[in-house]
Amino acid sequence: SMSADAYSRLHEITVSGGDVPAPFTSFEVAGFPSEILREVHNAGFPSPTPIQAQSWPITLQGRDIVAVAKTGSGKTLGYLIPGFIHLKNCRNDPRMGPTVLVLAPTRELATQIQDEAVKFGRSSRISCTCLYGGAPKGPQLRDLDRGVDIVVATPGRLNDILEMRRISLHQVSYLVLDEADRMLDMGFEPQIRKIVKEVPARRQTLMFTATWPKEVRKIAADLLVKPVQVNIGNVD
Ligand code: ADP
Ligand code: MG
């Protein structure tokens with residue numbers, strides 16, 4: 117097997133931050149719980165993608181992270197699998213509110229993320245629901261009342277439900293901003309900031325983005341604490 121340095125060069129991985137752990141060049145070295153390994157094997161995935169390989173060991177240390185990698189590079193499992201492990205380590209009562217919160221720009225993306233969470237979280241017995249606009253609130257509120265470990269939400273709908281006081285984010289300890297660049301392009305920054313105010317400061321925050329413009333840098337600087345940054349390929 118290849119050295120970590122050779123792996124990083126081959127896949128154009130660059131990192132910044134102190135004491136960055138070596139990438140997991142295979143699923144076997146990741147040391148995931150067996151129920152998670154079973155799901156990646158069932159999916160037929162031969163090896164981690166580069167963003168997964170380098171972001172997993174950092175996230176599993178409990179550190180904040182900014183991950184910049186293009187669309188289709190496997191970012192969803194990059195944050196979901198450490199999220200499952202986080203849930204294993206701190207099981208809250210889901211009826212008190214979610215432990216993991218993922219913000220995503222659109223209904224379509226939120227639904228895809230939920231599908232991936234359900235598929236890969238099945239043997240970990242993880243519950244997940246999705247909140248997005250353009251659909252009735254009733255079924256979404258019923259799922260919340262029943263209690264879920266993971267909420268995947270678009271910022272607009274989550275804000276509406278927060279204002280109705282039908283969700284508490286006080287148990288969230290693992291916060292993901294997925295497609296941060298697109299969320300800002302769509303004008304969601306005020307809603308994101310309002311939501312994050314409801315999440316305890318003692319949390320792990322992960323930001324995934326395909327590009328790294330100054331608006332994204334600014335919100336990362338405000339919401340993340342000493343993040344490690346991982347870039348795959350050339351980043352503008
Ligand atoms: P991104 O969020 O970076 O655009 P996705 O997380 O949507 O990418 O992943 C793109 C596709 O790659 C999905 O179909 C996903 O199931 C698949 N995938 C994820 N991880 C791996 C892997 N390690 N090996 C092969 N395919 C993977
Ligand atoms: Mg994605």
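Position 211 (the sequence shown) corresponds to 327 in full-length UniProt numbering; numbering is contiguous.
Ideal placement from N, C-alpha and C gives every residue a C-beta, glycine not left out.
Every value quoted in this text rests on a predicted model; they were computed, and no experiment measured them.
DSSP three-state label for Ala269, please. strand
Nearer than 7 angstroms: is that true of the beta carbon of Gly188 relative to any heavy atom of ligand 1? yes
Measuring alpha carbon to alpha carbon, tell me which of Leu293, Arg281, Ile201 ends up nearest Val268. Leu293
Take every Cβ of the segment 325-336, pair it with every Cβ of the segment 253-262, and state whether three or more of those distances are shorter than 8 angstroms. no
Would you give the residue range spanned by the beta strand (DSSP E) that Ile181 belongs to? 181-184
In whole angstroms, what is the alpha-carbon distance linking Leu278 and Ala120? 44 angstroms
What's the call for Met299, buried or exposed, on a 16-neighbour Cβ count within 10 Å? buried
With distances taken Cα to Cα, identify the nearest neighbour of Phe140 among His202, Trp172, Phe161, Arg125. Trp172
Here's a check: name, in chain order, each residue in its chain whose Cβ is nearer than 7 angstroms to the Cβ of Pro271, leaving out the five neighbours to either side. Leu219, Met299, Phe304, Gln307, Ile308, Ile311
With distance defined between alpha-carbon atoms, name the residue in Gly194, Ala138, Leu274 nearest to Ala251. Leu274
So is Ser124 buried or exposed if we call it buried at 16+ other beta carbons inside 10 Å? buried
Extent of the continuous beta strand (DSSP E) run through Phe304: Unbroken run through Phe304: none, as it is neither H nor E.
Please report the distance separating the alpha-carbon of Val131 from that of Gln345. 5 angstroms
Per-residue burial, Ala296 [other beta carbons within 10 Å of its own, 16 or more giving buried]: buried
With DSSP collapsed to three states, give me the class of Gln168. helix
Give me the residue from Leu340, Leu153, Ile242, Asn347 with the minimum Cα distance to Asn208. Ile242
Report yes if the C-beta of Ala185 is less than 7 angstroms from at least one heavy atom of ligand 1; otherwise report no. yes
Taking only runs that begin and end inside the segment 195-264, name each unbroken beta strand (DSSP E) of 3 or more residues, in chain order. 216-219, 244-247
Does the beta carbon of Phe140 fall short of 7 angstroms from some heavy atom of ligand 1? no
Would you mind sorting Gly188 into buried or exposed? The rule is 16 or more other CB atoms within 10 Å of its CB. exposed
Can you grab the Cα-Cα spacing for the pair Pro166 / Val332, in whole Å? 22 angstroms
Between Glu295 and ligand 2, is there a pair consisting of the residue's CB and a ligand heavy atom that are separated by less than 7 angstroms? yes
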